[in-house]
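Report on the structure given below.
Protein chains: 2
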Amino acid sequence: MGQVEQALREQGAGHGELLAGDASATLEAGGKRLRPMLVLLCAGEEAGAEAVRAATAIELIHMATLVHDDVLDAAPLRRGRPTVAATSGRERATATGDLLFSRAFALLADAGDERAIELLSGASVALARGELAQRQDAYDTSIGERRYLERCRLKTAALFECACLLGRDEPALGAFGASIGLAFQLLDDVLDVAGPPERTGQARGTDLLDGTVTLPLILAAGKDEAIRDADLRDLDAAGAERLCARIEATGALRLVRSQALEMVAEGKRSLTGPGFDAERRRLFDLLADGVVQRYS
Amino acid sequence: MGQVEQALREQGAGHGELLAGDASATLEAGGKRLRPMLVLLCAGEEAGAEAVRAATAIELIHMATLVHDDVLDAAPLRRGRPTVAATSGRERATATGDLLFSRAFALLADAGDERAIELLSGASVALARGELAQRQDAYDTSIGERRYLERCRLKTAALFECACLLGRDEPALGAFGASIGLAFQLLDDVLDVAGPPERTGQARGTDLLDGTVTLPLILAAGKDEAIRDADLRDLDAAGAERLCARIEATGALRLVRSQALEMVAEGKRSLTGPGFDAERRRLFDLLADGVVQRYS
Numbered sequence: 076m077g078q079v080e081q082a083l084r085e086q087g088a089g090h091g092e093l094l095a096g097d098a099s100a101t102l103e104a105g106g107k108r109l110r111p112m113l114v115l116l117c118a119g120e121e122a123g124a125e126a127v128r129a130a131t132a133i134e135l136i137h138m139a140t141l142v143h144d145d146v147l148d149a150a151p152l153r154r155g156r157p158t159v160a161a162t163s164g165r166e167r168a169t170a171t172g173d174l175l176f177s178r179a180f181a182l183l184a185d186a187g188d189e190r191a192i193e194l195l196s197g198a199s200v201a202l203a204r205g206e207l208a209q210r211q212d213a214y215d216t217s218i219g220e221r222r223y224l225e226r227c228r229l230k231t232a233a234l235f236e237c238a239c240l241l242g243r244d245e246p247a248l249g250a251f252g253a254s255i256g257l258a259f260q261l262l263d264d265v266l267d268v269a270g271p272p273e274r275t276g277q278a279r280g281t282d283l284l285d286g287t288v289t290l291p292l293i294l295a296a297g298k299d300e301a302i303r304d305a306d307l308r309d310l311d312a313a314g315a316e317r318l319c320a321r322i323e324a325t326g327a328l329r330l331v332r333s334q335a336l337e338m339v340a341e342g343k344r345s346l347t348g349p350g351f352d353a354e355r356r357r358l359f360d361l362l363a364d365g366v367v368q369r370y371s
Numbered sequence: 076m077g078q079v080e081q082a083l084r085e086q087g088a089g090h091g092e093l094l095a096g097d098a099s100a101t102l103e104a105g106g107k108r109l110r111p112m113l114v115l116l117c118a119g120e121e122a123g124a125e126a127v128r129a130a131t132a133i134e135l136i137h138m139a140t141l142v143h144d145d146v147l148d149a150a151p152l153r154r155g156r157p158t159v160a161a162t163s164g165r166e167r168a169t170a171t172g173d174l175l176f177s178r179a180f181a182l183l184a185d186a187g188d189e190r191a192i193e194l195l196s197g198a199s200v201a202l203a204r205g206e207l208a209q210r211q212d213a214y215d216t217s218i219g220e221r222r223y224l225e226r227c228r229l230k231t232a233a234l235f236e237c238a239c240l241l242g243r244d245e246p247a248l249g250a251f252g253a254s255i256g257l258a259f260q261l262l263d264d265v266l267d268v269a270g271p272p273e274r275t276g277q278a279r280g281t282d283l284l285d286g287t288v289t290l291p292l293i294l295a296a297g298k299d300e301a302i303r304d305a306d307l308r309d310l311d312a313a314g315a316e317r318l319c320a321r322i323e324a325t326g327a328l329r330l331v332r333s334q335a336l337e338m339v340a341e342g343k344r345s346l347t348g349p350g351f352d353a354e355r356r357r358l359f360d361l362l363a364d365g366v367v368q369r370y371s
């Protein structure tokens, strides 16, 4: 991971003044680095330059999408730091996102790493399709669980799956990544309704205000007619807060959380083949639990 | 070119309802298709599936940047049709741009076309850097000709050069593409000040209003102190119109136009090696003249 961090820093520094401000700030702001960790973990002990490169590239793609998201949401902060959109304006932030995106492919292309390019471009298509699907579904409370899960697969699970397969070409690892990624998204959506436990009082329901229909709302709507009839377009912050409380009261958050935990368990089970000794499994379990822990 | 058009249509259609509206509209809206034409022209008579694929991919990248530009400029129309940003909102337009971008690399990766991926990812990096540079330079009237030309190289010429090299790995072709691309950008910048001849009365000076300092302004500022002291941040549409007239009065547009024509001539001269017979040169001359003609 030290080498990945170094490579990410170089991505920013290599383009001189142009990137010194914007992309570097993004790249160095840190974050959980879950996707690169999955790459390296799956690559295992013989992880070399190729794995470090793939880990760097996938984080570049992830960051490109974060920068674009922050432009669209006009978000002032991410990870406690000002966003590129906030400090440099949407124009420069959009170009910064495009640059990070391009750099990911350039990095792999320079090394002639064809398999990684194919995996990552496929995952990037899925990611963009997932974003598109989410924007298309906005404010549509008739969205069902199946459509929601399909969106999560595109928007989140595909990149987690890709991370694992970048590390090693082994279907069981891909299945593990997809399960963990799906659980990650579900738990993120629970968090938006529950409110982050460490910061009570913070506004919750930002998804609802965006018109993003997530599983907590879908399940809660099946139990409470008033939730089913809510018009997200009419919501203000106080209304979102009230709707969150109402969703929580239906027990939907517990249901979604346990569905996510079941996905994590399923992910772990996909690693019980002969190639996975106890030691190796323990590492994967740790990482899977780390994903969950953030939300517990 | 028929096959390229077909492939572009498939890019939209292949993703079902998600793209049926947004990307397809963009892809089918047409445009000059200059970059794909350069690919095919450089590939020559033996142009096959590989050239068609590369031509499709480069147009996808070009369109991705147009869609993102329209988001940033909140442009209502492009090529006489409503932009994705206008019909579907900035969120969906940004995701559509990302998707077109990803599809370009996925298309080449599926075919294992490593050389094309390397060329196109490099050009995409240049493109994003050029956009970034332009946004960073915004409203800075101390920008000189050298910096301006460097920006044009990144923003425009790199993709033209890439198109030629995608067609065939021959340095002379790359030099031709870079010259034509640079000329293209200069003439585009002249057009913004001169106003399109076919639509008199249309607002001109949109670059000035954006704070984009281009060569006509740079050269005019050297001759007219009032232009040098103008503050672009204070401009309104009428002020931009007056500034355009003032720039034109200095003779700067003629200077830039002749500089562009000289670049085109230089581009043509780079094709006079033994590999270029009269017939082949004539085709390249036609294309180069086509680029110029649009502006004459």
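Taken in order, these protein sequences are the chains called A and B. Residue numbers for the first sequence, in the working numbering: 76 to 371. Residue numbers for the second sequence, in the working numbering: 76 to 371. Using N, Cα and C, we set each Cβ at its ideal position, and we do this for glycine too. As the structure is a prediction and not an experimental result, all values here were calculated from the model.
Just checking: is the beta-carbon of residue i within a distance shorter than 8 Å of some beta-carbon in chain B?
i: Ala130/A; result: no
i: Thr289/A; result: no
i: Arg154/A; result: no
i: His143/A; result: yes
i: Ala170/A; result: yes
i: Ser333/A; result: no
i: Gln86/A; result: no
i: Gln211/A; result: yes
i: Leu83/A; result: no
i: Arg167/A; result: yes
i: Arg308/A; result: no
i: Ala184/A; result: yes
i: Ile192/A; result: yes
i: Val200/A; result: yes
i: Leu135/A; result: no
i: Leu207/A; result: yes
Ends of the alpha helix (DSSP H) at residue i?
i: Asp299/B; result: No alpha helix (DSSP H) holds Asp299/B; DSSP gives it neither H nor E.
i: Gln343/A; result: Note that residue 343/A corresponds to Lys in the displayed sequence, not to Gln. Start and end: 327-344.
i: Asp285/A; result: 281-285
i: Gly242/B; result: 233-242
i: Ser254/A; result: 246-269
i: Tyr223/B; result: 220-227
i: Arg357/B; result: 353-368
i: Leu217/B; result: Before going further, note that residue 217/B is Ser rather than Leu in the sequence given. Run containing Ser217/B: none; DSSP gives neither H nor E here.
i: Val114/A; result: 109-118
i: Ala191/A; result: 189-211
i: Leu318/B; result: 312-324
Can you check DSSP and say which residues form a bridge with residue i?
i: Pro157/B; result: Leu152/B
Here's the rule I'm using: 16 or more other beta-carbon atoms within 10 Å means buried, otherwise exposed. How should residue i be labelled?
i: Arg178/A; result: buried
i: Lys107/B; result: exposed
i: Met338/A; result: buried
i: Arg356/A; result: exposed
i: Arg210/B; result: buried
i: Glu68/A; result: Outside the shown range of chain A, which is 76 to 371, sits residue 68/A, and nothing can be said about it.
i: Gly77/B; result: exposed
i: Thr347/B; result: exposed
i: Pro111/A; result: buried
i: Asp264/A; result: buried
i: Phe351/B; result: buried
Would you say residue i faces chain A, with C-beta separation under 8 Å as the test?
i: Arg204/B; result: yes
i: Ser217/B; result: no
i: Gly187/B; result: yes
i: Arg108/B; result: no
i: Ala161/B; result: no
i: Ala181/B; result: yes
i: Ser177/B; result: yes
i: Leu174/B; result: yes
i: Leu147/B; result: yes
i: Ser196/B; result: yes
- Query: Are the region 210-227 of chain B and the region 286-297 of chain B touching, with three or more C-beta to C-beta distances below 8 Å?
  - Reply: yes
What are the residues in the region 228-260 of chain A lying within 7 Å of chain E by C-beta distance?
Structure shown: chain E not included; protein chains present are A and B.
May I ask you to verify whether the region 190-202 of chain B touches the region 230-244 of chain B, counting CB pairs closer than 8 Å and requiring at least 3? yes
- Message: Tell me whether the region 356-367 of chain B and the region 256-268 of chain B touch, counting them as touching only if at least three CB pairs, one residue from each stretch, are closer than 8 Å.
- Response: yes
Touch test, the region 163-178 of chain B against the region 113-125 of chain B, Cβ-Cβ under 8 Å, three pairs minimum = no
ask   = Quick one: any contact between the region 131-140 of chain B and the region 138-149 of chain A, if contact means 3 or more CB pairs under 8 Å?
value = no
| Contact between the region 241-254 of chain B and the region 302-319 of chain B: three or more CB pairs below 8 Å? | no
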